[in-house]
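Heads up, the thing below is written out as structure tokens.
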Amino acid sequence: MADMMVKRLLVELETGGNVRFEDGQPSDTWFSCCHDLVLSRFCAYDYRNVGVVGIKIHRIIRIHNRMLRTRFDKSISALSDTTKGEYYPGAKNTSYKKSLEYLFWNSDPVMEGGALGSYRIPEEGFLDAETYKELNKEAAVPLSNSISLADRKRIAFCSERKNTEDLVDDCPYRYGQLIVAKAHLGKSDVAMDNVQISKQNYPRMDSVFKPRKKCLPKEKKSESDGCECSARQCEWYIFDNSLVLPEYIIDFEYITKVKNPCPFQHFHDDLMSEQPQRRTVTVVKTSEQEDSDSESDIIKMEPEIRSRARITCLQENFLLAISHCGTLNDITDLNLHGNGLESLAELQELVHLKRLVVSFNELTRLDDLSGMPLIQLDASYNKIYTLDGLKGLYQLIELDVSWNRLVNTREELSILRKHLSTLQTLDLRNNPWLKAKELRLRTIGRLKYLQTLDGKQVEEEESALALRCAAGSRISQLSIMTFARTDQTVPRSLSLGDSAHIITSSSRNRPQKMADSDARWYSQITTINLDNQHITKLSNLDRLESLMWASFNNNDLTRIEGLDNCTNLLELSLANNCIAHLDGLSKLTFLERLDLSHNCLTSIDSGMLGAMPALTSLCLESNQLNSLAGLQRCTALTELYIGNNNISNIREVFLLKPLTNLVILDMYGNPMVTSVENYRLFVIYHLRSLKALDGSAIEVQEGTLAKDTFGGRLTVDYVAEKLGHASFSEIRELDLPNNAIRVVDLGTGELFINLRSVNLEHNNLQSFAGLVYLVNLRVLCLNHNHIECILPRAKPQTLVNKKNMSVQGKHIDNSVQNSSPVLENLEVLHLGYNNIKDLASLQLHLLPSLKALFLQGNEIVKVEGLDGLHDLRELVLDKNKIKQISETSFSNQWNLQELHIEENRLKEISGLSSLENMMRLYMGSNRIADQMELEKLDSLHNLCEISLANNPIARRMIHRIILVHRLPRLLVIDGIPVSEEERNKAELYFIDQTVSNTPPQNPMSGMETGLPGILHYKPSVQVKVTNMQLNSGTTWGSNSAYGDDDIVLRGGPRVKRQTQARDIRQNFGLTGSNLISQANNSNSRSQYTYLNQTNYNGTQASELMENMSRINQQRNNKR
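Shown next, in the form of structure tokens:
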């Protein structure tokens, strides 16, 4: 695995980034899609003979190969370019997308060079057909839509190898790798038997395929039909390798019935996968696996550590008890391990204490031990960040401060050298030391009596080497003469190193000292290179007045000092040191280049950068910066390298705006680079002078995209950039959602004369300003914006700045927003989810030709402002806060045919009498409860579909009977078609209107306005109440026929549900005259009361009661 990663990195380096590998994370959209694709193409039944029961995905790597991508796009473009067929932008036919498929490839170990295919294919692509033919294979690229087929050759090879070799793992094919490739299948056909697959044998085909039953050996064909997915599995052969693009590399592991004998299995899983819980899928789980899992769970159990009481102060009784001594003066050995101590102040009274253990506590300093006669001290596993408290422990021989928080190497070693010079045993392991690799030599060089360091014996060779390093830790006269040069100019070189390295590597002009008393040679030095000299302090540089180029990289410097007299310095490199503060540079007014990378800087806002007005290049990479404050003073800066720090706030970029000369910026490796969306565009937009960002040159397209993304303006240039051409007269559709557009500025619209449809969903528009000049617009979608009105009430500043000002030679009058219609051809308008509260202020009267209006998901309370929409056919008001419809709400909408007003707060059906042409009405999910409200629908003569689902009136489904009777033209109620049998039954429930001996009433005075052929009379006498008995198990109250899942957005269920309708007709109730009088039985939950009933004579009532009793008895027996 490590070799493979190294090879991939070498490929990226050698190709200059043209081939790049991206390690996927579960948060990436493409990662989830590829992950699901692999799982969907895995079938455990295919592996029944090899003991595989599941698959685990460890890693998904995305391949970015610019050369292969370009070749693939060119091949696709050659296939898709056409002048026939349906119109497409750019005259390009996109039907080729139907032939694209993601297929799998795995190496064939038997084929020559097949095992190296996984290394070669991501860089060079698949072999061509001729090469496969020369290798005695089918003359096409072999792929498969099944993991088992793609991996069958490797499994067979590993199984044979297992029989011949003694392998530890009984499943040698456990770990594998797949390549997922995008392939263009084109015209395909089934491969013929006994015919070699080649382009010559299939001249008209782009690819051929073999079903699974033809790919398996003959003895297994009878078993291949055991799973239904086997019929869909096949091997594909693509003749043109340029139409196959490798896109993903999958590292996977087969889960088998046989337990993996490797003892490092869990470590392997951790190394292979960062999120194993997200990428693991077990298809089948056997009892052996369950036992294995239980053992694994036991092994991985966290140890239970019993909590110990924390000791806040060391009292005398406690000290005497744990030391088993009579008095404090008798205590010589003391063990205070694991007591949660934060202070040791009470130990000063132990004047004879020699050995002390305070490990596993909460100590941060050891100041309380100063001056004690200790010989041994164990302070490991604490939180100690400084050894300053050890001053005065001159008798200390053994010291253990491992597992603490010691950082500063120079300061801590200085304390040990001055105050603990007699140390013989020292343990400094597992601290976050700076320059940890050099810590051992530096420690040995400063403690001459040291015998054991970090558990290892100090050798004589180590001591000699450490002494030499310690001797060279200060800048001496000899080192200056050795590593200094006197060149006045920098020679030309292609090296990327600094000037000090270039000069010292190519020049021999060392300073010449004429005599021992000669000091003039100091003034001749212009260059000094003291890299890797273990220097701990910059000293003896005050005489180098002519120094211009200096480098002190890879040393142990903790501060910048000693350079005040080097006022002519032009370049200074202090990389890879331990510098924590930016100071000591105030006198370097001519400094042009400064390198402070790989140090410990946490802030640069000390004002020091402002003292260097000539600074043009600054490198602060790999520090601990979390802010760019201080850089705004470097106004001459042209190059800034500040990657691999802790900058997470994207607003820090604003501090770089004063740097108008900044050309190169590198911030790669900071948290904001990956966490902030459109980070690169954000930086490009706000820093207009940049030419390169994070190692990549800024293209013109990136600058344009940055302006469009963060400028929030929809302009002609923006449209041209999005569409890739400037043929605006050919544009018929414009789709630009989610672009943060605040202002539309497309001029007078002459360039977009044929534009018919515009989609600007999920933007920040507040009005139609800028869109009103698209005179031929038919469809406009502005969902999820902030639309308040058609035209802004103030002067449209985004289009014209002054009154009577012209745009591109066309006069724009501000008075257009007052009363003149706009967008006179607009027919469909989407304004959903715009937080609209007042329809009257929306100015909808300015759109006279509107036929469909969508206002769902707003905050509308009152229906008004629709007076000018005479041609409106469809209106959607779902998901608002409408409580009532007034009589004037739809006074001028006589052409309205479809009304959606679901999920509101309506309690009444009112204000619909003027909608004579209404055909579909959707009022689901409201608060309509009174059955009398259904009478208000009588004026809707043309109503053919209605939905009242999820209203209180629809809970017992009695509304359906009333609607069928009162509205004979209804075809669908709540999404269920109305049958003829249902109409007949509804008439039987209202049989009182057809009884022949009903006492005649005044037909004209008692008639209601109803549907043709049905007369409604209102008798003047007291109304008789007639009850209807329904079976308690009828479908009208059943959730199976009218569940919440049947209610769909926009108008409720409009799809025919024939099965549900048939069940309702079968379970509805009675087959004949089904009315009985049960005025006294008021406790039945299935009784419904109807008004406007007339009297029966005795004979008819008796016959009806007998028939009803007989039918009810039959139905009860059947139940």
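Letter 1051 of the sequence shown, counting from 1, is numbered 1051 in the UniProt record's numbering, and no numbers are missing.
We treat Cβ as the ideally placed atom computed from N, Cα and C, and that holds for glycine.
(message) Taking only three categories from DSSP, how would you classify lysine 705?
(response) Before going further, note that residue 705 is leucine rather than lysine in the sequence given. Note: leucine 705 maps to helix in three-state DSSP.
(request) May I ask you to check if the CB of aspartate 878 is nearer than 8 Å to at least one heavy atom of the ligand NAP? (result) Ligands are entirely absent from the displayed structure, and the ligand NAP is therefore not among its contents.
(message) Do asparagine 917 and leucine 877 count as a contact pair if the criterion is CB distance below 9 Å?
(response) no
(request) Pick helix, strand or coil for methionine 1028, following the three-state DSSP scheme. (result) Since pLDDT at methionine 1028 reaches only 37, below the 50 mark, its modelled position is unreliable, and the value read off the structure follows with that caveat. If DSSP states are grouped into helix, strand and coil, methionine 1028 belongs with the strands.
(message) From the DSSP secondary-structure annotation, give me the bridge partner or partners of valine 190.
(response) Phe209
(message) Please classify tyrosine 449 as buried or exposed, where buried requires at least 16 other C-beta atoms within 10 Å of its C-beta.
(response) exposed
(message) Could you compute how far the alpha carbon of aspartate 516 sits from the alpha carbon of serine 479?
(response) 16 Å
(request) Would you mind sorting threonine 482 into buried or exposed? The rule is 16 or more other CB atoms within 10 Å of its CB. (result) exposed
(request) Indicate the three-state DSSP secondary structure (helix, strand or coil) for glutamine 348 in the structure shown. (result) helix
(request) Give me the Cα-Cα distance between aspartate 128 and lysine 137, rounded to the nearest whole angstrom. (result) 11 Å
(request) Could you check the C-alpha separation between asparagine 335 and valine 357 for me, to the nearest Å? (result) 5 Å
(request) Output the boundary residues of the beta strand (DSSP E) element that contains isoleucine 55. (result) 52–65
(request) To the nearest angstrom, report how far apart leucine 350 and leucine 374 are at their CA atoms. (result) 10 Å
(request) Look at the Cβ atom of serine 914, then the Cβ atom of lysine 936, and state whether they are nearer than 9 Å. (result) no
(request) Please classify aspartate 735: is it buried, with 16 or more other beta-carbons within 10 angstroms of its beta-carbon, or exposed? (result) exposed
(request) Mind reading off the beta-carbon distance from isoleucine 76 to phenylalanine 21? Whole number of angstroms is fine, and I expect it under 8 Å. (result) That pair is no contact at about 23 Å.
(request) State the Cα-Cα distance for the pair phenylalanine 104 and lysine 153, rounded to the nearest angstrom. (result) 13 Å
(request) Can you give me the Cβ contacts of asparagine 895 inside the same chain, cut-off strictly under 8 Å, excluding the 5 residues immediately before and after it? (result) His870, Asp871, Leu872, Arg873, Asn917
(request) Could you name the residues of the same chain whose beta carbon sits closer than 8 Å to that of isoleucine 502, not counting the 5 residues immediately before and after it, in chain order? (result) Val490, Pro491, Ser493, Ser495
(message) Which residue marks the beginning of the alpha helix (DSSP H) containing serine 148, and which one marks its end?
(response) 147–164
(request) Take the Cβ of tyrosine 98 as the centre, count every other Cβ of all protein chains shown within 10 Å, and call the residue buried at 16 or more, exposed below. (result) As written in the sequence, residue 98 is lysine, which differs from the tyrosine given in the question. It counts as exposed.
(message) Given this structure, state the Cα-to-Cα distance separating arginine 713 from valine 744, to the nearest angstrom.
(response) 6 Å
(message) Using the three-state DSSP reduction, which class does leucine 334 fall into: helix, strand or coil?
(response) strand
(message) With a threshold of 6 Å on Cβ separation, who are the neighbours of glycine 857 within its own chain once the five nearest residues in sequence on each side are excluded?
(response) Gly832, Tyr833, Lys879
(request) Starting from the N-terminal side, write out each stretch of the alpha helix (DSSP H) that is 4 residues or longer and does not extend beyond the stretch 643–727. (result) 671–675, 679–686, 700–711, 716–723
(request) Determine the closest residue to alanine 769 out of Lys722, Leu416, Leu823, Arg778, with distance taken between C-alpha atoms. (result) Leu823
(request) Let me know the alpha helix (DSSP H) ranges lying completely inside the stretch 376–458, each 4 residues or longer, listed in chain order. (result) 409–419, 439–446
(request) Measure the Cβ-Cβ separation of asparagine 783 and asparagine 764 and say whether it is below 9 Å. (result) no
(message) Could you tell me the alpha carbon to alpha carbon distance between valine 11 and isoleucine 197, rounded to whole angstroms?
(response) 33 Å
(request) Quick one: grab the DSSP three-state call for threonine 364. (result) coil
(request) Mind checking who glycine 21 pairs with in its DSSP beta bridge? (result) Note that residue 21 corresponds to phenylalanine in the displayed sequence, not to glycine. Partner(s): Ile63.
(request) Can you grab the Cα-Cα spacing for the pair aspartate 583 / phenylalanine 31, in whole Å? (result) 47 Å
(request) For the alpha helix (DSSP H) containing valine 244, list its first residue and its last residue. (result) Where valine 244 is concerned, there is no enclosing alpha helix (DSSP H), although the beta strand (DSSP E) it sits in stretches over 244–256.
(message) Tell me the DSSP secondary structure of threonine 526 in three-state form.
(response) coil
(message) Whether or not the stretch 627–643 and the stretch 604–613 are in contact is what I'm after, with contact meaning three or more pairs of Cβ atoms, one per stretch, closer than 8 Å; do they touch?
(response) yes
(request) Would you please state the rounded distance, in angstroms, between the beta carbons of glutamate 398 and threonine 425? I believe it to be under 8 Å. (result) 4 Å
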